[in-house]
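J.: Once you've had a glance at the structure underneath, I'll fire off some questions.
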């Protein structure tokens, strides 16, 4: 009972600290000096270098989803609806959530480990005595880059997953590229696309800010670096699901 | 009358119940090498991190070049940090940058209006001072421990500071490399007339670099004097460092 109480207190304390850290992002991020060069470098590192993994996963999911769905659809005689169904599933939920989770695994852990390593080797202190605000240089640039790059990756992942689905459909019966995508887009409304797109900014911000927080306050030497990387992934993944739950509730209000 | 460039008065800092600095007083005079000697965990590193504004003490005053750093705003503190360099115990070289980028970083960040040629000249001069011009395009991971320490020293020198704070400059180095670093510290003092505060418990280093030694014991400046004066002290707390 005592341990549970302590755990709850630790959880609430940490939630509060992450919230304060996020507020600091907004307080400091929009005041000069702007770290444009570092921000662009982070966009490249975070966006471009995540793309191959995201693309591969999206392609496989699109293909597998179609192949798994097909027997049930055939049983009900509605296999013609596969593109429409896969399209809604990918654009509304699977594309954003899957890409965000992969992003949390790759980028969240990378930010946590990098900043954690910089913390324990005093590089963050060295930055501060070199006339640099390390929060702006390290945290704002990475969080902002994560917030902007994840939606971009999700758009690309959705397109690649749909292409995988198109190939999946063509394994069993020929269907033209044009007709496949006509069926997908005929069944998609703005209410499917816009909330799904908006929530990815929040997913990206959560991954960036949690990874940065865990690394920035890393302790216990090299052991702490591993812990920072690990807990960055765990916390940001949980946050992604929580944000998704809230986003679905809000989107439902506009249905 | 020696002119103090750093004057610390009544400095106190605690971590929980551990009072690492307890009304600590000390002055660093212009042009001298002052070693702060104490046991591991006695608060030596905390002391110099308070001086440069990386740790906020609870009480006291720290006057650096006539200004109390504890009351300065960020801009004024950054101005002081141009004049006061810090050599970190772990070197703190940026892993993701080359040696050149590491050295350029403080030059570019302090908003000096320098041309590319001037920056290049300053980088090469700093590297010449430590005898490592050939490493300019190498990554820190490609360097040995001693080379990394010398590059870190070159980075502290690049802004031509008036004061250098050394945090255990010879820790983790072999005896020969330690002697090279000690020789560099003395060479820098002679060439640039810098004032230095050196944190150490390496007695060979202390003997070779110190003009004066301050003993940090129980959070206070327990004794201060030259190496010869302190090594001849009958006080057991002081003598244990020199035996």
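Chains as they are written, first to last, in the numbering used here: chain A, 1 to 255; chain B, 1001 to 1243. The C-beta atom is built at its ideal place from N, Cα and C for all residues, glycine as well.
To test your reading of the DSSP string, which unbroken beta strand (DSSP E) runs of 3 or more residues are found completely within the region 130 to 185 of chain A?
T.: none
J.: Would you identify the three-state DSSP class for residue 1010 of chain B, choosing helix, strand or coil?
T.: strand
J.: Do the region 1170 to 1190 of chain B and the region 1127 to 1146 of chain B touch if we need at least three Cβ pairs shorter than 8 Å?
T.: yes
J.: Compute the distance between the beta-carbons of residue 89 of chain A and residue 160 of chain A, then report whether it is under 9 Å.
T.: No, they are not a contact pair.
J.: From residue 1244 of chain B to residue 1158 of chain B, what distance separates their C-alpha atoms?
T.: Lying before the first or after the last residue shown, residue 1244 of chain B is absent from chain B, which here runs from 1001 to 1243.
J.: Report the three-state DSSP secondary structure of residue 1130 of chain B (helix, strand or coil).
T.: coil
J.: Can you tell me which of the three DSSP states residue 1024 of chain B falls into?
T.: strand
J.: Measure the CB-CB distance between residue 43 of chain A and residue 145 of chain A and report whether it falls below 9 Å.
T.: yes
J.: When you compare only the Cα positions, how much space is there between residue 71 of chain A and residue 244 of chain A?
T.: 29 Å
J.: Can you tell which of B:1017, B:1103, B:1211 has its C-alpha closest to the C-alpha of residue 1244 of chain B?
T.: Residue 1244 of chain B is absent from the model: chain B starts at 1001 and stops at 1243.
J.: Tell me the rounded alpha-carbon separation between residue 1240 of chain B and residue 1026 of chain B.
T.: If I take the Cα positions, the gap works out to 22 Å.
J.: Checking the sheet assignment: what are the DSSP bridge partners for residue 1225 of chain B?
T.: B:1213
J.: Going by Cα to Cα distance, which pick from B:1207, B:1150, B:1078, B:1163 is closest to residue 133 of chain A?
T.: When each option's Cα is compared against that of residue 133 of chain A, the closest is B:1078.
J.: Can you tell me the Cα-Cα spacing of residue 1167 of chain B and residue 12 of chain A, whole angstroms?
T.: 37 Å
J.: Closest to residue 1185 of chain B by C-alpha separation, out of B:1050, B:1221, B:1154, would be which residue?
T.: B:1154
J.: What residues are listed by DSSP as bridge partners for residue 1019 of chain B?
T.: B:1014
J.: Taking the DSSP output, what are the residues bridged to residue 1063 of chain B?
T.: B:1007, B:1068
J.: Name the two residues that bound the continuous alpha helix (DSSP H) containing residue 1166 of chain B.
T.: Taken as a continuous stretch (DSSP letters only), residue 1166 of chain B belongs to no alpha helix (DSSP H), being part of the beta strand (DSSP E) at 1163 to 1167.
J.: Per DSSP, which residues does residue 1199 of chain B bridge with? Please list them.
T.: B:1036, B:1167
J.: Nearest by alpha-carbon distance to residue 1200 of chain B: which of B:1226, B:1028, B:1038 is it?
T.: Taking only the C-alpha atoms, the option nearest residue 1200 of chain B is B:1038.
J.: Name the chain A residues that come within less than 7 Å of residue 1086 of chain B, Cβ to Cβ?
T.: 129
J.: Hey, could you find the ends of the alpha helix (DSSP H) residue 89 of chain A is sitting in?
T.: Note, residue 89 of chain A: alpha helix (DSSP H), 82 to 89.
J.: Any Cβ of chain A within less than 9 Å of the Cβ of residue 1106 of chain B?
T.: Output row for residue 1106 of chain B: interface = yes.
J.: Just how far apart, CA to CA, sit residue 1188 of chain B and residue 123 of chain A?
T.: 23 Å
J.: Pull up the distance between the alpha-carbon of residue 1012 of chain B and that of residue 1053 of chain B, whole angstroms please.
T.: 14 Å
J.: Using a Cβ-Cβ cut-off of less than 7 Å, give me the residues of the region 1130 to 1157 of chain B that come near chain A, in sequence order.
T.: none
J.: May I ask you to report which of helix, strand or coil DSSP gives residue 101 of chain A?
T.: Helix, per DSSP.
J.: Would residue 149 of chain A pass as a contact of residue 50 of chain A if the rule is Cβ separation under 9 Å?
T.: Result yes, Cβ atoms of residue 149 of chain A and residue 50 of chain A sit closer than 9 Å.
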